[in-house]
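Below you'll find the structure, written out as structure tokens, and then a few comments.
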Amino acid sequence: MSLTGAHHAFAGVSEDGVNKIAHAFFGARPRYLHYGTTPFVGTTTITETQVSTIAFPGIPGGISYMVELSIPQFDLYPPNGPLPPPLVLGPNQLSVKTEAHITLGCLQTGAGSEKRGTTTPVSTDLEVWAIGHPVSQTFSLGVGDIYFHVDDVKVMPVAPASLDLVLDCLLRMILNGVLSSLQLPFKIFNVDFFKLILEEGPLVTANQIEIRGGIV
Amino acid sequence: MPDVVAAIDETAANSLLHDAESALGTVDAPSGSTSAGPLVLQWSASASFSGGTVAFTPPDVIAIDNCTINYELSVDLSIDLSFLDICLPQVCVPIPCVGNVCTPKICLTFPPISIPISFSEAIEFSADFDLTATLAGGDWEIDVVILGVPTLDLGPGALALLEAITVAIAAALEAIPLIGPFLALITVAIAAAFGIADVTGLLGDILTPFVSGLKFKLYKQPQHFEAIPAGGALDPAVFVTLQNLTAEVQDAGKPELVVSVDI
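So the sequence lines, in the order shown, correspond to chains A and B.
In this text, residue positions in the first sequence follow this note's numbering: the first is 35, and each later residue adds one.
In this text, residue positions in the second sequence follow this note's numbering: the first is 133, and each later residue adds one.
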């Protein structure tokens with residue numbers, strides 16, 4: 035079967051290609067994997083992003099925290115192996131796996147007039163699995179990009195089930211935020227061989243993300 | 133499986149070909165000269181390419197039909213008219229008591245004339261091209277390079293050029309004083325020295341360098357490829373290294389030009 039099908043142009047990136055691009059992106063811009071409030075992150079730099087503390091009455095300065103993710107590992111349909119239930123990878127989907135290192139600035143204060151305390155970081159490591167799908171956006175003729183949207187997350191292992199639900203939701207939101215920064219221009223898909231007018235896709239099939247259309 | 137695969141069909145390839153022709157722009161050929169009898173021609177030429185229809189032939193041949201070469205000639209034609217130089221004979225008359233009285237010796241000389249001629253025309257040709265992918269100077273390039281030297285139909289152009297030369301010569305000669313009685317002689321001499329076969333040969337010599345080794349560049353990108361441009365001081369550009377780039381023609385139900393590359 036032809037690559038272009040009913041269209042005039044085809045471009046595709048394999049699973050290995052997506053992971054290499056992700057490594058290149060997060061290697062060049064590590065701040066998209068490292069987020070923290072003061073005192074963990076003083077200011078946003080290339081390597082880390084400063085975020086606001088969680089305001090809470092009675093806690094001076096708010097709740098400080100840090101979230102660090104490993105470079106996401108992508109698996110394009112069909113799956114390379116089983117996913118933790120209830121996640122199932124279907125056609126036109128991809129799975130993402132990452133390690134989340136979450137640190138809380140644990141403030142220990144005295145009672146009464148001794149409100150000033152010390153912040154001690156306490157951390158945990160979570161194994162995060164997710165399934166999602168690629169999304170395209172077009173800015174002008176032949177110019178656009180592909181990014182990834184997470185549909186469901188499973189954090190391993192968490193108990194009780196209610197905490198599991200909370201963390202699943204939290205990590206799904208965080209992962210969507212992180213992956214929204216990973217926007218792959220169409221030109222990566224064809225190493226700028228031509229300007230693609232997207233007409234079909236992105237589709238995930240045979241371990242590859244595929245887009246088809248015309249050319250400018 | 134390659135990390136990145138891109139493919140286009142013949143319709144898209146036509147568009148890329150026409151872009152490549154535009155990118156090639158106007159090409160200049162080395163100037164030259166030739167002589168024939170009293171004529172000396174010095175020329176310079178330039179050409180551009182347009183149009184054409186692509187057809188793929190696996191694994192690495194691309195046929196381009198009806199590609200047009202649009203050429204312009206600047207010819208500086210010199211005619212040495214010294215062969216017309218003539219001296220009227222003296223006539224002497226004996227006059228009694230005076231002796232022979234002769235008419236003065238009158239000579240007519242014709243200096244060489246130079247005639248600038250501009251000529252342009254378009255010729256269609258068809259040829260097979262070899263598809264190549266190379267890494268040169270840190271850039272990956274995909275070119276189509278002509279195979280052999282195509283046959284150019286020079287007949288109509290040669291006729292038109294000869295007509296243009298003839299008209300230009302006639303106009304230039306008319307401006308020469310006292311040339312009237314010699315026009316027929318000049319025309320015969322020029323026709324004997326420079327006819328349609330000579331013009332055809334001249335055009336062939338001028339145009340062949342344009343098509344011999346003709347190359348259209350379909351693709352050129354640095355091996356150190358900027359995948360994502362910088363997004364400010366905190367978001368540097370993201371680069372990947374392109375390796376093992378190949379280009380070939382495949383036909384899995386539809387002829388396609390397929391480019392594969394690893395990151």
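Even glycine gets a Cβ: it sits at the ideal position worked out from N, Cα and C.
Just so it is clear, the structure is predicted and the values come from calculations on it, not from any experiment.
Candidates V75/A, M35/A, Q127/A and G95/A, of which the one nearest N241/A by Cα:
Among V75/A, M35/A, Q127/A and G95/A, the Cα nearest to that of N241/A belongs to Q127/A.
Classify M35/A as buried or exposed, calling it buried when 16 or more other Cβ atoms lie within 10 Å of its own Cβ.
Classification of M35/A: exposed, given that the 10 Å Cβ count is below 16.
Chain B beta carbons: is any one of them nearer than 8 Å to that of S36/A?
The beta carbon of S36/A falls within 8 Å of a beta carbon belonging to chain B, placing the residue at that interface.
From which residue to which residue does the beta strand (DSSP E) around P162/B run?
P162/B -> beta strand (DSSP E) spans V159 to A168.
What residue range does the beta strand (DSSP E) around R65/A cover?
According to the DSSP assignment, R65/A belongs to no beta strand (DSSP E), since it is labelled neither H nor E.
For N53/A, is the classification buried or exposed, using 16 other Cβ atoms within 10 angstroms of its Cβ as the cut-off for buried?
Buried: at least 16 other Cβ atoms inside 10 Å.
Please report the straight-line C-alpha distance between L205/A and P155/A, rounded to a whole angstrom.
Approximately 20 Å between the Cα atoms of the pair.
Considering only residues of the same chain and omitting the five flanking positions on each side of F74/A, which have a CB-CB separation below 8 Å?
Cβ neighbours of F74/A beyond the five flanking positions: S98, Y99, M100, T137, G139 and P155.
Whole alpha helix (DSSP H) elements within the stretch 197–257 of chain B, 4-residue minimum
DSSP runs (the alpha helix (DSSP H)) wholly in the stretch 197–257 of chain B: none.
Can you confirm whether G46/A, when its beta carbon is compared against all beta carbons of chain B, has any partner nearer than 8 Å?
Output row for G46/A: interface = yes.
With 16 other CB atoms within 10 Å as the buried threshold, where does H41/A fall?
Buried.
CB contact check: Q353/B to chain A, cutoff 8 Å:
Judged by the 8 Å Cβ criterion, Q353/B is in contact with chain A.
DSSP three-state label for A195/A, please.
Correct three-state label for A195/A: helix.
Check the DSSP bridge columns for Y99/A and list the partner residues they point to.
In the DSSP assignment, Y99/A forms a beta bridge with L138/A.
Does F74/A come within less than 8 Å of chain B when only Cβ atoms are used?
Not an interface residue.
By the three-class DSSP mapping on this structure, what secondary structure does T77/A have?
The answer is coil: DSSP assigns T77/A none of H, G, I, E or B.
Can you name the residues of chain A whose CB is closer than 8 Å to the CB of G385/B?
What G385/B touches in chain A: M35 and S36.
Under 8 Å between beta-carbons, which chain B residues line up against A43/A? List them in chain order, please.
Here the neighbours are A138, A139, I140, D141 and A144.
Let's see if you can read the secondary structure: which residues bound the alpha helix (DSSP H) around A145/B?
E142 to L156 is the extent of the alpha helix (DSSP H) around A145/B.
Are the stretch 214–230 of chain B and the stretch 181–192 of chain B touching by the rule of at least three beta carbon pairs closer than 8 Å?
Touching, no.
Any beta-carbon of chain B closer than 8 Å to the one on I243/A?
Using beta-carbon distances, I243/A does not count as an interface residue toward chain B, since no partner is under 8 Å.
Between the beta-carbon of Y66/A and the beta-carbon of V187/A, is there less than 8 Å?
Against a cut-off of 8 Å, the Cβ pair of V187/A and Y66/A comes out as no contact.
When DSSP labels each residue in this structure, what does K188/A get in the three-state scheme?
In this structure, K188/A counts as strand in the three-state DSSP scheme.
Helix, strand or coil at H57/A [DSSP, three-state]
Three-state result, H57/A: helix.
Distance CB(G169/B)-CB(F348/B) smaller than 8 Å
No, these two residues do not count as a Cβ contact at 8 Å.
Among the candidates V372/B, A303/B and L284/B, whose CA atom is the shortest distance from the CA of T332/B?
Comparing alpha-carbon positions, the option among V372/B, A303/B and L284/B lying closest to T332/B turns out to be L284/B.
Quick one: any contact between the stretch 262–270 of chain B and the stretch 354–363 of chain B, if contact means 3 or more CB pairs under 8 Å?
Touching, yes, given that three or more Cβ pairs across the two stretches are closer than 8 Å.
Run down chain B in chain order and give the residues with a C-beta less than 8 Å from the C-beta of K54/A.
Within chain B, the residues near K54/A are D135, V372 and I395.
Less than 8 Å between the C-beta atoms of I418/B and S154/B, yes or no?
This structure leaves residue 418/B out entirely; chain B is present only between 133 and 395.
First and last residue of the beta strand (DSSP E) that includes D394/B?
Run containing D394/B: P387 to D394, per the beta strand (DSSP E) assignment.
Strictly by DSSP, which residues pair up with E244/A?
G46/A and L237/A.
If you follow the beta strand (DSSP E) that L350/B is part of, which residue opens it and which one closes it?
Judged by DSSP secondary structure, L350/B falls within the beta strand (DSSP E) whose first and last residues are K347 to P354.
Proximal chain A residues relative to S147/B, where beta-carbon distance stays under 7 Å:
Those are I249, listed as they occur along chain A.
Please classify D202/A: does DSSP put it in a helix, a strand, or coil?
D202/A: helix per DSSP, three-state reduction.
Tell me which residues of the stretch 159–184 of chain B have at least one Cβ-Cβ distance to chain A shorter than 7 Å, keeping chain order.
For the stretch 159–184 of chain B, which is checked against every Cβ of chain A, not one residue is closer than 7 Å.
Is there a Cβ of chain B sitting closer than 8 Å to that of V212/A, yes or no?
So no, V212/A is outside the interface.
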